[in-house]
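Keeping their order, the protein sequence lines are chains A and B. Under our numbering, think of the first position of the first sequence as 111, with each following residue one higher. Under our numbering, think of the first position of the second sequence as 9, with each following residue one higher. All C-beta atoms, glycine included, are put in the ideal place defined by N, C-alpha and C. Being a predicted model, the structure only gives us computed values, none of them experimental.
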Amino acid sequence: MSARNPGTDLDLGWISRVQVNQPAVLRRAEQIQTRRTVKKDWQAAWLLRAVTCIDLTTLSGDDTASNVHRLCFKAKHPIREDLLRAMNMHDQGITAGAICVYPARVCDAVQALKAVGCKIPVASVATGFPAGQTHLKTRLEEVRLAVEDGASEIDIVINRTLVLTGQWEALYDEICQFHKTCGEAHMKTILGTGDLGSLTNIYKASLVAMMAGSDFIKTSTGKESVNATFPVALVMVRAIRDFHRKTGIKVGFKPAGGIRSAKEALTWLSLMKEELGADWLKPDLFRLGASSLLGDIERQIYHHVTGRYAAHHDLPMA
Amino acid sequence: MEDKKRKKQKEKETARDRAPGERHPAPQLMAASMGTGEAASVRDIFSSMQYGPAPETPSIAQAWLSAHGRSLGHFVDGKWLKPEGRLTYTTKNPATGESLATTLQGEDEDVETAVQAARKAFESWSQLPCHIRARYLYSVARTVQKHQRLLSVLESLDNGKPIRESRDCDVPLVVRHFYHHAGWAQLRDIEMRDWKPLGVVAAIVPWNFPLMLLTWKICPALAMGNTVVLKPATYTRLTALLLAEICAEAGLPPGVFNVVTGTGAFGSRLAMHPGVDKVAFTGSTEVGRTLRRATAGTGKKLSLELGGKSPFLVFDSADLDSAVEGLVDAIWFNQGQVCSAGSRLLVQESVTSDLIDRLKQRMGRLRLGDSLDKAVDMGALVDESQQKTITEFVEEARAEGAEVFQPSDPLPRKGLFYPPTLITGVNSTSRCVREEIFGPVLVAMSFRTPKEAIELANNTPYGLAASVWTENLPLALEVALSLKAGTVWVNGHNMFDAAAGFGGYKESGFGRDGGKEGLYEYVRPAWEDPHHPNPGDVNYKTFAASYGAQLPPVPSQKEVSQAMIRVQEAEIPSVDRTYKLYYAGAQKRPDAMYSRPICNPSGKVVAYVADGNRKDVRNAVEAAHKAAPGWGKRAAHNRAQIVYYMAENLELRREEMAQRLSALMGMPVPEALREVDASIQRLFLWGAYCDKYGGTVQETLLYGATVLIREPLGVVAIACPDESPLLGFVSLFAPAIVRGNAVVVIPSEKYPLPALDFYQVFDTSDLPGGVVNILTGARDHLTKYLVEHQDVQAMWYFGSEQGSKFVEWSSAENVKRTWVNYGATRDWADLHQGAGEEFLYHATQCKNIWIPMGEIFAN
C-alpha cells in the first residue's frame with residue numbers, strides 16, 4: 111500500500127464550494143467507455159493488471175470456512191498457471207489484490223492464506239456493514255475486533271444519515287474515530303453512494319472521508335440499488351484528484367458492486383489512467399471489489415492464449 | 009531481449025524526430041501516442057500500462073474504392089458520370105499521406121448536365137404526394153444505417169478525423185437527419201401549407217464534417233420537394249459520392265440528388281447557374297461573402313452557415329472539472345476544425361488559475377494518432393494549408409508575448425498533426441482572439457462580472473454558438489438570452505440534433521440547418537412565382553450615391569397646390585404643415601436642410617418633405633439602437649397594448665387619413681377608406697402576434713429542454729414600396745416591431761405623406777421614442793447608407809430590381825440579412841402577400857438554447 115493518509119483538518123469552506131453537474135458527468139462517463147480501448151497483447155496485459163487489483167470478495171450470510179478457503183486459494187492462483195506461462199507471466203507473482211470478508215470470517219481467511227503461502231492482505235468490512243445503522247460504540251468495537259483477528263485492511267461504511275442531513279462535522283468525527291481505531295490497518299471508506307441522493311453529496315462525502323484519513327474511498331457495499339457506476343466513479347476520482355492537488359496526499363479508489371465483465375475492468379483501468387494517472391493503476395491505489403469478475407477475466411485470458419472460448423469447467427472455480 | 013532492444017531503438021528515433029518546440033518529451037507516453045508499441049510483450053505492457061494500437065480495419069472502405077477502380081466520377085441522374093478529358097484530384101488520407109482515389113475536376117458542361125438532371129427530376133419529385141417523398145427519405149435513412157460502418161471508416165480515412173467521432177457522432181447524426189426529415193416530408197402539406205418548394209438547390213459544403221453537413225442541406229431540401237446538386241469540398245469528396253450511390257440503392261429517383269466534384273471556382277459556377285433557385289452554403293465567412301455578392305440580384309435564395317469564434321463562459325459557480333471536459337468537446341473535437349468550436353475561453357477571474365491548472369493537466373492526456381485508431385482523441389488536420397495557418401496564428405501569439413501551452417508528448421512522425429494548444433496572456437486586441445483559427449487552439453481570458461462576461465462574449469463579429477457554465481440557473485438563462493449567437497449550450501458544448509436548427513447571428517451567417525426553422529430555407533410562399541429579375545449591371549460604387557440628384561428642390565419648378573380652409577365664409581390658407589424626419593421619438597430637421605416636393609397625380613406639389621441623407625441615417629440608426637434593447641425586453645403584452653393603441657388612434661383619424669390618401673393618390677375616397685381600414689386590421693393582426701411567436705420546445709435527443717427562442721434581429725431598416733403607401737408601410741413596420749425590433753423606415757418615395765401622418769399616431773400611442781424612426785428622401789440613396797451601416801442587422805427593400813441587387817451585394821460586407829422584392833410588386837391587401845408567415849420569418853432570428861437537466865440519483 112502507498113503511504114498512509116494522515117488526514118487533514120475538516121475544511122467546510124471547501125465542502126460548501128463543491129459543484130457537480132450531473133448531465134455533464136454522465137456525458138463524460140459515456141465517453142470514457144468509448145474513447146479508449148486496448149486490444150490483443152495490450153488487452154491481456156491490462157487484464158492481468160486488473161487481476162492484481164481485485165479484492166476478491168465474499169460477503170454472504172452463508173459464508174463458511176470452506177468457501178472462504180476456496181476463495182483464498184483462488185486469490186493465490188487467480189489465472190491458470192499454464193495460461194500465465196504462455197504469456198511469460200508465470201513468474202510475476204500474479205495474485206488478487208486482497209481477500210474481502212465479513213468480520214466473523216477474518217480468522218478463516220487469515221489461516222487459509224497462511225496455508226497457501228499467500229501474503230496478500232485480508233480486508234474486513236466493518237462498522238455495521240452494509241447499512242451502518244448501529245451504535246457508534248459497536249461500530250468502533252467491530253473495527254477493533256477485526257484488526258485483532260488479523261485484518262490489515264478495514265472497509266468501513268459511513269453513516270449515511272449524517273450525509274443526508276448535512277452533518278459533515280459529525281461525519282468527519284466518526285470517520286476520524288474509525289481511523290484511529292484501525293491503527294496500522296489501512297482504512298477503506300465505503301460511501302454507500304447509492305444511498306447519498308446526489309452526485310454532489312458523493313463528492314462532499316468523498317472529501318470528508320479523505321480529510322478524516324481514509325486510505326481509500328470506496329463506492330458501495332454491493333448491497334445498495336446502485337453500486338459502482340462510471341458517473342459515481344468520475345465524481346469520486348475527481349475528488350481524489352482535487353484532494354491530491356491541494357494536500358499532496360494520494361488516496362486510493364475502490365469501485366465495488368456490480369463489476370462483472372472483463373471489458374468493464376478495462377474501462378475502470380483506463381478511467382483511472384485518464385483521470386488520475388498511472389500511479390493509480392496499482393493495487394496500492396486501486397482496487398476492484400468483485401466476486402465474479404475474476405472468472406470472466408480468466409475466460410478472456412484463456413481465449414487470448416488459446417484462441418478458443420473456455421467452458422466453465424475448464425477453469426477452477428473460486 | 010530482442011524486443012527490448014527494438015523498443016529502445018524506436019524510442020531513440022522518436023526523440024530525434026520530435027517536433028520543434030517540444031521541450032519536454034514524456035517517454036512513458038511515447039508508444040501510446042505513436043502507436044509504435046508493436047515490439048512490446050505482455051510483460052512489458054503489464055509494467056508500463058501503456059495503450060497499444062487499436063486499429064479499425066479500413067478494408068471495407070478500401071474495397072469500395074477498389075470496386076470503383078479508385079477513380080470516381082460525378083454522380084448525376086442516378087448513375088456515375090465520367091466525362092472525358094477532365095483533370096483529376098487525388099484524395100489523400102491526411103493521417104498517412106496515402107492516396108485514396110482520384111476524383112474529377114468538373115467543368116461547366118458537368119454543371120449543366122447536373123442542373124438539367126435536377127431540373128427534370130424536380131418536375132416529378134415536387135409533384136409527388138408528401139407520403140411518397142417521406143417513404144423515399146425513410147428508405148435512405150434505413151439504407152444509410154446498413155452502411156454505417158463503411159461510411160464512418162471512409163469519412164475518417166478521407167478527412168483524418170478519429171473513427172470514434174465519425175462512428176459515434178457524424179454518421180449517427182446523418183441517420184437522425186434523414187429520419188427527422190422523412191417526418192417533415194410526410195407533414196409538409198400540413199405544417200408548411202402556405203409554402204412551396206423552390207426548385208433546384210445547389211449545396212456547397214466544407215471538409216470538416218463532409219457527410220454530416222451535406223445531410224443538413226439535402227434533407228430539408230428534399231423533404232420540401234426540391235432537388236439537389238451538391239458540390240463537396242475539394243479535400244473531402246468521397247463520402248458524398250458514396251452517399252449518392254447509397255441513395256440510388258435506396259431507390260431515390262434519378263436526378264433528385266446529384267453530386268459533382270470540382271474546385272471552388274467550379275462551385276461558384278454551380279451557384280451561378282440560372283437553373284439553380286437556391287444556394288445553400290456552409291463554409292468560411294469569406295467565401296460566404298463571395299457567394300452573396302455573386303448571387304446578388306439574381307433572385308436565388310441563399311443561406312449561409314459561416315465561421316465563428318464561439319465563447320465558452322465559465323463562472324465561479326461552475327463545476328470546473330465538467331467545464332474542462334466541456335472544453336475537450338468544444339475545441340479538441342475534430343481537431344478544432346468545427347465552426348462552432350468553443351475557441352474563446354472566458355473565465356471568471358476568481359477561478360481562472362484553478363481552471364487553467366485543471367485544463368493543462370487534462371490536455372496532457374489527449375492522444376493524437378491515426379484516424380482509424382479507436383483510442384485517439386485527435387486525428388490529423390485535413391490538409392497542409394490548415395497546418396500552416398494554425399502554426400502562423402500560434403507563432404504570432406507567441407511572438408506577441410503570449411504563453412503558449414502544448415502538452416509535451418511528441419507528435420506522430422507521419423501525417424498532418426497539430427497538438428492541442430492553450431494560449432493565455434492574450435487579450436481582446438490579439439489576432440488569435442478575434443479571428444477564427446479553425447484548429448485545436450484555445451485562447452483564454454478572464455472577466456470580473458456577468459455583465460463584463462456578456463460584453464466580452466459578444467465582442468466579435470461572429471455569432472454562431474456559445475456555451476455557459478454555471479450551476480446558477482438564473483445566471484445561466486440570463487447569459488444565454490444575452491449572448492448574440494444562434495446556439496447556446498448550458499453546461500455543454502457542441503451538441504447537435506436534427507430537431508434543432510443550427511446557424512448564426514451576425515457574420516456567422518443566416519438561415520438554419522435543422523428543425524422546423526430550417527425548412528424555411530427551402531421554400532417560397534405558395535402565392536409567389538419564382539423571381540427571374542434582370543437588373544443588368546449595377547455600378548456598386550456610384551449606385552444612388554449622389555444626394556439630391558433626382559429632383560433638385562427649387563421653388564417655382566413646379567406648381568404648388570395651396571391648402572386652404574374656410575373660416576367664417578373666408579378662404580384662408582391652412583396653417584403650414586412641415587414634414588420633418590422622425591427619429592428618437594421626435595421630429596427632426598434634415599441634416600442638409602433640403603426638402604423634396606411630393607406631387608399628386610396631376611403633378612401639383614402637395615407638400616415638401618425632408619430630404620434625408622447619410623448623416624440622418626447615422627442619427628436614426630443610433631436612436632434605433634438606443635431603443636432596441638429596452639423594447640425587445642418589454643413584456644410582449646405591453647408591446648401588444650401599444651400596437652392596439654395605434655390601431656385605436658389610427659381609427660380616430662380614419663376619415664382624415666382617407667381624405668389625404670385620396671387627394672395624394674387621386675383615388676376615390678371609399679378605396680382610400682378601405683386602405684385605412686385594412687391598415688387598422690393589420691395593426692390588430694400584428695398586435696395579436698406580439699405574444700404568440702416567441703418560440704417552442706424542440707424535441708431533440710437531449711435529456712432536458714432544447715428551447716427555440718425567436719429573438720429580434722435588432723435594428724431593421726425598411727424601404728417601403730410605392731404601392732399602397734399606407735398599408736405597405738404598416739404591413740412592414742408592424743411585424744418588425746411586434747417581434748421586438750427597432751426600425752428605420754423609408755416610406756414610399758413617391759407618396760410618403762401617409763407614413764408621416766403616422767407620427768401623431770406613434771406619439772399618442774405610448775410608443776417609446778426610437779422604436780420607429782422614419783426617414784424621407786430618395787429611397788435608394790437612404791437604402792445605400794442603411795445597408796452599408798455595419799450596425800443595421802437587416803435590410804428589407806421594396807423598390808427596383810437594381811436596388812435589390814445593390815442591397816444584396818452590399819449586405820455581404822457584414823453578412824446582413826436581407827429581404828428584397830427584385831422589383832416585383834405585391835398585393836398588400838391580400839392576407840397571404842401582405843401579412844404571411846414570411847413577415848415573421850424575416851422579423852426574427854432563431855436561437856436554440858440547450859439546457860440539460862438531471863440531479864435525481866439512485867434513492
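Compare the C-alpha of R190 of chain A against each of A:H200, A:C182 and A:L181 and name the closest.
Checked all of A:H200, A:C182 and A:L181; the closest Cα to R190 of chain A is A:H200.
What span of residues does the beta strand (DSSP E) with Y97 of chain B cover, start to end?
It spans L95 to K100 - the beta strand (DSSP E) in which Y97 of chain B sits, taken as one unbroken run.
Count the other CB atoms within 10 Å of the CB of H645 of chain B; is the residue buried (16 or more) or exposed (fewer)?
Counting Cβ neighbours within 10 Å, H645 of chain B comes out exposed, since fewer than 16 surround it.
Applying the criterion that 16 or more other CB atoms from any shown protein chain within 10 Å of the CB defines a buried residue, is I226 of chain B buried or exposed?
The residue is buried, with at least 16 neighbouring Cβ atoms inside 10 Å.
Give me, in chain order, the residues of the same chain whose beta-carbon lies closer than 7 Å to that of A484 of chain B; leave out the 5 immediate sequence neighbours on both sides.
If we look at A484 of chain B and ignore the five residues flanking it on each side, its Cβ neighbours are V476, T478 and V498.
Between which two residues does the beta strand (DSSP E) carrying L122 of chain A extend?
It is not in any beta strand (DSSP E) - L122 of chain A instead sits in the alpha helix (DSSP H) that spans L122 to R127.
Using a cut-off of 9 Å between C-beta atoms, extract the partners of T377 of chain A located in chain B.
In chain order: nothing, as chain B lies at least about 12 Å away.
Do you know offhand how far D324 of chain B's Cα is from P469 of chain B's?
Computed Cα separation, rounded: 27 Å.
Could you check whether the region 311-322 of chain A touches the region 269-288 of chain A, counting it as contact only if at least three pairs of C-beta atoms, one from each stretch, sit closer than 8 Å?
Yes: the two stretches touch, three or more of their Cβ pairs being nearer than 8 Å.
Could you pull out every unbroken beta strand (DSSP E) segment of at least 3 residues lying fully inside the region 284-358 of chain A, listed in chain order?
Correct list: 296-300 and 326-328.
Take A592 of chain B and list the residues in its own chain whose beta-carbon comes closer than 6 Å to its own, dropping the five residues that flank it on each side.
Cβ within range, chain order: A631, G777 and G778.
According to DSSP, simplified to helix, strand and coil, what is T111 of chain B?
Correct three-state label for T111 of chain B: strand.
Since I believe K328 of chain A is in contact with K298 of chain A (beta carbons under 8 Å), could you give me their beta-carbon distance rounded to a whole number of angstroms?
Sure, about 5 Å apart at Cβ, within 8 Å.
If you count every other CB in all the chains shown that lies within 10 Å of the CB of M42 of chain B, and 16 or more means buried, which is it?
Residue placement at M42 of chain B cannot be trusted, given a pLDDT of 42 that sits under 50; the coordinates are not used to answer.
Does the distance from the CB of G207 of chain A to the CB of C163 of chain A come in under 7 Å?
Yes. Within cutoff.
At 9 Å on the CB atoms, spell out the chain A contacts of R184 of chain B, in chain order.
Result: empty, since nearest Cβ-Cβ is about 17 Å, beyond 9 Å.
What residues from chain B crowd round K150 of chain A, counting only those whose CB sits closer than 8 Å?
Here the neighbours are G60.
Is the distance from the Cβ of V253 of chain A to the Cβ of A236 of chain A below 7 Å?
Cβ distance < 7 Å, so V253 of chain A and A236 of chain A count as in contact.
If I measure Cβ to Cβ from E333 of chain B and keep anything under 8 Å in the same chain, skipping five residues before and after, which residues do I get?
Once the five neighbours on either side are set aside, the close Cβ partners of E333 of chain B are R370.
Any beta-carbon of chain A closer than 7 Å to the one on V332 of chain B?
Cβ-Cβ to chain A under 7 Å: no for V332 of chain B.
How about L354 of chain B and F455 of chain B: do their beta carbons lie closer than 7 Å?
Yes, the pair counts as a contact, with Cβ atoms nearer than the cut-off.
Report the neighbours of N499 of chain B on chain A: residues whose CB is nearer than 9 Å to its CB, in chain order.
The answer, in chain order, is N131, P133 and A134.
Rounded to whole angstroms, what is the Cα-Cα separation between V441 of chain B and G409 of chain B?
Rounded to whole angstroms, V441 of chain B to G409 of chain B spans 14 Å at the Cα level.
Which two residues bound the contiguous beta strand (DSSP E) that contains F320 of chain B?
Run containing F320 of chain B: S318 to V322, per the beta strand (DSSP E) assignment.
So, with DSSP's three-state summary, where would you put I431 of chain B?
Note: I431 of chain B maps to strand in three-state DSSP.
Express the C-alpha separation of G423 of chain B and E21 of chain B in angstroms, rounding to a whole number.
Its pLDDT being 40, under 50, E21 of chain B is placed unreliably in this model, and the coordinates cannot settle the point.
In angstroms with no decimal places, state the Cα-to-Cα distance between N480 of chain B and A326 of chain B.
The alpha-carbon atoms of N480 of chain B and A326 of chain B are separated by roughly 8 Å.
Closest by CA to Q287 of chain A, which one among A:L301, A:S262, A:L250 and A:Y313?
Of A:L301, A:S262, A:L250 and A:Y313, the residue nearest in Cα terms is A:L250.
Does the CB of M197 of chain A have a neighbour CB from chain B at under 7 Å?
Interface residue, yes.
What are the boundary residues of the beta strand (DSSP E) that L310 of chain B is part of?
Where L310 of chain B is concerned, the enclosing beta strand (DSSP E) stretches over K309 to E313.
Taking Cβ-Cβ distances shorter than 7 Å, what residues in chain A pair up with P860 of chain B?
Within 7 Å Cβ-Cβ: P133.
Which parts of the region 374-406 of chain A are runs of the beta strand (DSSP E), unbroken and 3 residues or longer, counting only runs that do not cross its ends?
Listed in chain order, the complete beta strand (DSSP E) runs (minimum 3 residues) inside the region 374-406 of chain A are 398-400.
Would K382 of chain B pass as an interface residue toward chain C - the criterion being a Cβ-Cβ separation below 7 Å?
Although the question refers to chain C, the structure presented lacks it and instead comprises the protein chains A and B.
Return the chain-ordered list of same chain residues with a C-beta closer than 8 Å to the C-beta of G203 of chain A, the five sequence neighbours on each side being excluded.
Here the set comprises nothing.
Looking only at its own chain, which residues have a Cβ that is under 6 Å from the Cβ of H32 of chain B, when we skip the five neighbours before and after it?
Any reading at H32 of chain B needs caution, since the residue's pLDDT is 39, under 50, leaving its predicted position unreliable; the model's value is listed next. If we look at H32 of chain B and ignore the five residues flanking it on each side, its Cβ neighbours are S416.
Within 8 Å, do at least three Cβ pairs link the region 846-861 of chain B to the region 209-223 of chain B?
No, the region 209-223 of chain B is not in contact with the region 846-861 of chain B.
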